[in-house]
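Using the numbering used here, read the sequence shown as starting at 2 and increasing by one per residue.
C-beta atoms are modelled at their ideal positions from N, C-alpha and C, and glycine is treated no differently.
Note that the coordinates shown come from a computational prediction; the quantities given were computed from them, not determined experimentally.
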Amino acid sequence: MIASDVTLGLIAGGLATRLGGIDKAWLSRDGEPQVRRLIRIFADRVGSVLISANRGASRYSDIGLRTVPDRVLGIGPLGGLDALAQACASPWLLTLPVDTVSAEGSLLPPLAAAGDRGAYARDDDGIQPLIALWPAAALRDAAARAVDADEYAIHALQTRLNMACVAFPGVRFGNLNTPDDLAAAGIDPP
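This is how it looks when you write it as structure tokens:
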């Protein structure tokens, strides 16, 4: 798989209610916002980047990023996946929540090695359905059907697509959902 075959889709459309509604994409670690950190990590492994976001489009555009809002609001991560799939012009879409704490560029090869049906990650904390490599055309159709049928569970979508689960032993991707998560990642609360 070559970089131009893959679009990085960062999912940043959540409300961050446990953190007072902050935009987690702009939380800074070591002086670098989450969104920039993840793009930097995957820059040489992907051909393009999309951001699924329902607010702050001008802030992303100011740094040269294209945002795609959910076509249907209020349906959780499926709304972001659907929007990213509709906008993705490459054969593959690598998705990551924008609040992923530990992501390395080495994430992509094991997911790609799972084959043409796509794959999602399982770390030491369990299944991580949004850390996934999706066949974009199949996701586009399946996500649209799931939205129309009010079937919002990501794991059900992955089952319908017959995606593989790839284990990452010894890895904890983590996320930034609570003040304790921020402290553990070395991020000062805004």
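Below 7 Å CB to CB, which residues in the same chain sit around residue i once its five sequence neighbours on both sides are set aside?
{"i": "Pro98", "result": "Ile12, Leu131 and Asn176"}
{"i": "Tyr61", "result": "Ile52, Ala54 and Thr68"}
{"i": "Arg161", "result": "Ala143"}
Have a look at residue i and residue j and give me their C-alpha separation to the nearest angstrom.
{"i": "Glu33", "j": "Val148", "result": "34 Å"}
{"i": "Arg46", "j": "Arg37", "result": "15 Å"}
{"i": "Ile42", "j": "Ser5", "result": "16 Å"}
{"i": "Trp93", "j": "Glu105", "result": "18 Å"}
{"i": "Ser49", "j": "Leu9", "result": "6 Å"}
{"i": "Gly77", "j": "Ile3", "result": "31 Å"}
{"i": "Ala58", "j": "Leu66", "result": "9 Å"}
{"i": "Ser53", "j": "Ala143", "result": "18 Å"}
{"i": "Gln35", "j": "Asp151", "result": "31 Å"}
{"i": "Cys166", "j": "Ile155", "result": "13 Å"}
{"i": "Ala1", "j": "Gly171", "result": "No answer is possible for residue 1: the residues shown for the chain start at 2 and end at 191."}
{"i": "Ser91", "j": "Lys25", "result": "26 Å"}
{"i": "Leu39", "j": "Ile64", "result": "14 Å"}
{"i": "Asp181", "j": "Ala120", "result": "30 Å"}
{"i": "Asp31", "j": "Cys89", "result": "31 Å"}
{"i": "Ala138", "j": "Arg56", "result": "26 Å"}
{"i": "Leu140", "j": "Pro111", "result": "19 Å"}
{"i": "Gln159", "j": "Ile188", "result": "32 Å"}
{"i": "Leu109", "j": "Tyr153", "result": "25 Å"}
{"i": "Val7", "j": "Pro70", "result": "20 Å"}
With 16 as the cutoff for other CB atoms within 10 Å, does residue i come out buried or exposed?
{"i": "Leu28", "result": "buried"}
{"i": "Pro136", "result": "buried"}
{"i": "Gly116", "result": "exposed"}
{"i": "Arg146", "result": "exposed"}
{"i": "Leu74", "result": "exposed"}
{"i": "Ala168", "result": "exposed"}
{"i": "Ala44", "result": "exposed"}
Mapping DSSP to helix, strand and coil, what is residue i?
{"i": "Tyr61", "result": "helix"}
{"i": "Pro98", "result": "strand"}
{"i": "Leu51", "result": "strand"}
{"i": "Val73", "result": "coil"}
{"i": "Ile188", "result": "coil"}
{"i": "Arg30", "result": "strand"}
Whole-angstrom Cβ separation of residue i and residue j, contact assumed at under 8 Å?
{"i": "Leu134", "j": "Ala113", "result": "6 Å"}
{"i": "Leu1", "j": "Thr96", "result": "Since the first residue shown for the chain is 2 and the last is 191, residue 1 is missing from the structure and cannot be characterised."}
Please list, in chain order, all residues of the same chain as residue i whose beta carbon is under 8 Å from its beta carbon, the five residues on each side excluded.
{"i": "Phe174", "result": "Thr101, Val102, Ser103, Ala104, Ala122, Asp124, Asp126, Gln129 and Ile132"}
{"i": "Arg72", "result": "Gly80, Asp83, Ala84, Gln87 and Val148"}
{"i": "Ser107", "result": "none"}
{"i": "Ala186", "result": "Arg30, Val102, Gly175 and Leu177"}
For residue i, collect the residues of the same chain with a Cβ closer than 6 Å to its Cβ; drop the 5 residues on either side in sequence, then sort them by chain order.
{"i": "Asn163", "result": "Arg118"}
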